[in-house]
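Every position in the sequence shown, counted from 1, becomes a number in the numbering used here once 19 is added. Ideal placement from N, C-alpha and C gives every residue a C-beta, glycine not left out. Just so it is clear, the structure is predicted and the values come from calculations on it, not from any experiment. Data block below; observations after.
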Amino acid sequence: MKKNFNINNLIRPSVKALKPYASARDEFKDFDKEMIFLDANENPYNNGVNRYPDPQQNKVKEIIFELKKVSTKNILLGNGSDEILDLIFRGFCEPNQDNVIILPPTYGMYEVLANVNAIEIIKVELTHDFQPKVNQILNVANDYSKILFLCSPNNPSGNSFDPIQVETLIKQFNGLVVIDEAYIDFSEQKSWLQRLEEFPNLIVTQTLSKAYGMAGIRLGICYASAEIISILKKIKPPYNVNELTQQKTMERLLKQNEVKKEIQNIKQQRDWMIEKLQSVDLISKIYPTDANFILVKVDDATKRYEQLIKQGIVVRNRTNQPLCHNCLRLTVGIPSENDILIKTLKKLA
Ligand SMILES: *Cc1c(COP(=O)(O)O)cnc(C)c1O
């Protein structure tokens, strides 16, 4: 247990003082009961979505509880994990005063959200094998460092962070540590979810956008202490997860076998691609990956990126990211797509 940790020292004063908006569906919660609902100015004619959705998404959270064994009071759902990350900024970071620490090269939204919210960014580059520089991170942190973002497996490098180093950071960093586990279902590493109770400053975010194959419905999941979750709940838009998303989420979560099979296939394809990429001449390095994409170093990333586009294949050019000079990020597709990618790469002159 972290010594002297008090969430009240991290929360923004305006949020601490905030009285949240009470929606119609918050004031009368039992909306499964046979009642006459004349409280929310909805159109009364049933078309499946004429009613506001459950603002607390309780049915979805019950299924997540069954699957992950995390109590519903430790769960917050968002319109994608991007919304959750934004809520974390707005709950804890005071504009023009606080800062957050990010570890480039990493997911671009942390920096965008910091800029939108007028929060200073302190960058500590990863090592050459894309691991956190623990001492440097702890040394640059100051009294105004509210959040440390760890993306593991990391986007765009694909590797997971060493759990021993992550644990040191969670224990010694005085603010919140957000571990973005967007790719955890492809990883050989354990989720930090299992250790949530040990660390009052830990926030784990996951998403249905990658392994669960539902980027189109926008559902992100945040796991943290009940204190942190209740702060984020105070500031979330009342109906942030729409009815269709809640329904599709429940359907998908209940089809674990289907999801697991797809993940298996993607991992098999990933390994197949790694093997084939080794005989592509213009590739000089294939970085180890624990996710559903592969970072490769080529001779000239921008040239190869544009050549691939002309052949009808879109990959991600990461050459402008720190430590990623001349790197392309390749998402694992279906077998026929991966096969075409490899054949096309081999033909490029
Ligand atoms: C894709 C991605 C996300 C996006 O999550 P959404 O739930 O689709 O908003 C979050 N974090 C990382 C690291 C990602 O690569």
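Assign residue i to one of three DSSP states: helix, strand, or coil.
{"i": "Ser33", "result": "helix"}
{"i": "Thr268", "result": "helix"}
{"i": "Lys152", "result": "coil"}
{"i": "Asp290", "result": "helix"}
{"i": "Ile353", "result": "coil"}
{"i": "Val336", "result": "The question names Val, but residue 336 in the sequence shown is Asn. Looking at Asn336 - three-state DSSP - the assignment turns out to be strand."}
{"i": "Ser164", "result": "strand"}
{"i": "Phe312", "result": "strand"}
{"i": "Gln75", "result": "coil"}
{"i": "Tyr40", "result": "coil"}
{"i": "Pro257", "result": "coil"}
{"i": "Lys365", "result": "helix"}
{"i": "Thr91", "result": "helix"}
{"i": "Lys229", "result": "coil"}
{"i": "Ser274", "result": "One detail in the question is off: residue 274 reads as Lys in this sequence, not Ser. Residue state, collapsed to three classes: coil."}
{"i": "Leu145", "result": "coil"}
Which two residues bound the contiguous alpha helix (DSSP H) that contains residue i?
{"i": "Phe56", "result": "Taken as a continuous stretch (DSSP letters only), Phe56 belongs to no alpha helix (DSSP H), as it is neither H nor E."}
{"i": "Ser371", "result": "The structure shown does not extend to residue 371, since the chain spans only 20 to 368, so no value can be given for it."}
{"i": "Ile189", "result": "Pro182 to Gln191"}
{"i": "Ile103", "result": "Ser100 to Phe111"}
Can you determine whether any heavy atom of ligand 1 sits closer than 7 Å to the C-beta of residue i, and answer yes or no?
{"i": "Gly232", "result": "no"}
{"i": "Gly239", "result": "yes"}
{"i": "Cys112", "result": "no"}
{"i": "Thr268", "result": "no"}
{"i": "Ala201", "result": "yes"}
{"i": "Ser33", "result": "no"}
{"i": "Cys343", "result": "no"}
{"i": "Thr226", "result": "yes"}
{"i": "Cys170", "result": "yes"}
{"i": "Ser179", "result": "no"}
{"i": "Asn174", "result": "yes"}
{"i": "Asp49", "result": "no"}
{"i": "Leu126", "result": "Sequence check: residue 126 is Tyr here, not Leu. Yes, Cβ of Tyr126 sits closer than 7 Å to a heavy atom of ligand 1."}
{"i": "Lys255", "result": "no"}
{"i": "Asp204", "result": "no"}
Between the Cα of residue i and the Cα atoms of the options, which residue gives the shortest distance?
{"i": "Asn357", "options": "Leu367, Val334, Ala368 and Leu342", "result": "Val334"}
{"i": "Ile240", "options": "Arg348, Asn154 and Thr226", "result": "Thr226"}
{"i": "Asp101", "options": "Ser206, Ser303 and Ala133", "result": "Ala133"}
{"i": "Ile141", "options": "Lys78, His147, Gly97 and Phe168", "result": "Phe168"}
{"i": "Leu106", "options": "Asn93, Lys255 and Trp211", "result": "Lys255"}
{"i": "Gln76", "options": "Lys316, Gln340 and Thr268", "result": "Thr268"}
{"i": "Leu327", "options": "Thr338, Leu347 and Asp49", "result": "Leu347"}
Buried or exposed: residue i, going by 16 or more other Cβ atoms within 10 Å of its Cβ?
{"i": "Asn336", "result": "buried"}
{"i": "Ile250", "result": "buried"}
{"i": "Val135", "result": "exposed"}
{"i": "Asn69", "result": "exposed"}
{"i": "Val131", "result": "exposed"}
{"i": "Asn173", "result": "buried"}
{"i": "Asp290", "result": "exposed"}
{"i": "Gln265", "result": "buried"}
Could you please give the first and the last residue of the uninterrupted beta strand (DSSP E) stretch that includes residue i?
{"i": "Asp199", "result": "Leu195 to Asp199"}
{"i": "Leu132", "result": "Unbroken run through Leu132 is the alpha helix (DSSP H), Met128 to Val135; no beta strand (DSSP E)."}
{"i": "Gln326", "result": "Unbroken run through Gln326 is the alpha helix (DSSP H), Ala320 to Lys329; no beta strand (DSSP E)."}
{"i": "Glu207", "result": "First-last for Glu207: undefined, no H or E at that position."}
{"i": "Ile26", "result": "Per DSSP, Ile26 belongs to no beta strand (DSSP E) and is neither H nor E."}
{"i": "Thr224", "result": "Leu221 to Thr226"}
{"i": "Val119", "result": "Asn118 to Ile121"}
{"i": "Tyr242", "result": "Gly239 to Tyr242"}
Residue i CB to nearest chain C CB: under 8 Å?
{"i": "Pro39", "result": "The structure shown contains no chain C, having only a single protein chain."}
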